[in-house]
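Here the structure is laid out as structure tokens; the discussion comes afterwards.
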Amino acid sequence: MGDLYQILKLWHIISFVFMSVPLFNLIVVNERALMGSSFNFGTDRYMENIIKHGAVRCYVFQLSVFISGILLLIYGPFGIQAIWNNYILLAKTLILFTLMGLLSYVHFSLQPKIESFFNNITPETKVPDNFLASVKPFRILRKRLATVCLFLVLTTIILGMQVYTPFSLSLNLILIGVTGLFAWRVNKTLILFGWV
Ligand code: HEM
Numbered sequence: 032m033g034d035l036y037q038i039l040k041l042w043h044i045i046s047f048v049f050m051s052v053p054l055f056n057l058i059v060v061n062e063r064a065l066m067g068s069s070f071n072f073g074t075d076r077y078m079e080n081i082i083k084h085g086a087v088r089c090y091v092f093q094l095s096v097f098i099s100g101i102l103l104l105i106y107g108p109f110g111i112q113a114i115w116n117n118y119i120l121l122a123k124t125l126i127l128f129t130l131m132g133l134l135s136y137v138h139f140s141l142q143p144k145i146e147s148f149f150n151n152i153t154p155e156t157k158v159p160d161n162f163l164a165s166v167k168p169f170r171i172l173r174k175r176l177a178t179v180c181l182f183l184v185l186t187t188i189i190l191g192m193q194v195y196t197p198f199s200l201s202l203n204l205i206l207i208g209v210t211g212l213f214a215w216r217v218n219k220t221l222i223l224f225g226w227v
């Protein structure tokens, strides 16, 4: 396998590393929670901008993973038919499409609902006391979906490592279980020490 294949593999790996947007968005959201529950124009607008623009970046990295994955199949030993013959590759592809679907739901449905609360609000606007309370259900749903996305990205990385040599079922179950615990932990806390 020549240099082209190695470059494609590097592009594949860098692209899914950058698909860590859910991890960092969850950290941003948990940092915001530490600042209290009252509305602060600068802080809330800043956080919403990070999340809103993160969606577009995530589409680009998801698409890069998909295109590099397809090219790895075409230029590598597998051939494109492996996408449905090899159950690890099939699972990775289906999970990637699920991630694209979840991102699209957040970007085209949930985020516009959240944005609608912030329309016409300037730093001078006096908002009602319950302003953030009315946004909260949508933010909570978005946070839950980001947690699911983080879990799916990590699970796909575990599967990605098995393209050539599958792990045992028990190791898969343990690793995916630990991944679930990590995603849950990132939802609940600031993971100040990285893993915990
Ligand atoms: C979120 C989606 C994906 C993630 C996180 C992911 C992750 C990974 C990981 C961790 C590896 C192992 C790299 C190594 O051992 O050096 C890998 C390799 C590979 N992936 Fe993906 N992958 C994803 C989607 C896809 C898709 C959609 C395809 C094809 C349709 C694909 C095709 C491949 C191939 C052919 C390899 C083998 C490269 C090699 O080691 O020679 N991947 N992927």
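Per the numbering used here: the sequence shown = residues 32 to 227. Just so you know, even glycine gets a beta-carbon here, dropped at the ideal spot from N, CA and C. Here the structure is a predicted model, which is why all the values come from computation and not from measurement.
Contact test: residue i Cβ vs the ligand HEM heavy atom, cutoff 7 Å
| i | result |
| --- | --- |
| Val52 | no |
| Ile114 | yes |
| Phe47 | yes |
| Gly110 | no |
| His43 | yes |
| Thr129 | no |
| Leu104 | yes |
| Thr187 | yes |
Test item: CB-CB of residue i and residue j under 8 Å
| i | j | result |
| --- | --- | --- |
| Phe72 | Pro154 | yes |
| Phe169 | Ile145 | yes |
| Ile119 | Leu183 | no |
Alpha carbon of residue i to alpha carbon of residue j, nearest angstrom
| i | j | result |
| --- | --- | --- |
| Thr156 | Phe148 | 12 Å |
| Lys123 | Ser51 | 16 Å |
| Val87 | Leu134 | 9 Å |
| Lys167 | Val59 | 15 Å |
Nearest candidate by alpha-carbon position, reference residue i, set the options
| i | options | result |
| --- | --- | --- |
| Gly110 | Val194, Val217, Gly225, Phe224 | Val194 |
| Ile82 | Ser201, Trp215, Arg63, Leu41 | Arg63 |
| Ile98 | Pro108, Arg175, Leu39 | Leu39 |
| Tyr36 | Leu181, Leu127, Leu103 | Leu103 |
Residue-level contact to chain B via CB, residue i, 8 Å cutoff
| i | result |
| --- | --- |
| Trp226 | No chain B appears in the structure shown, which is made up of a single protein chain. |
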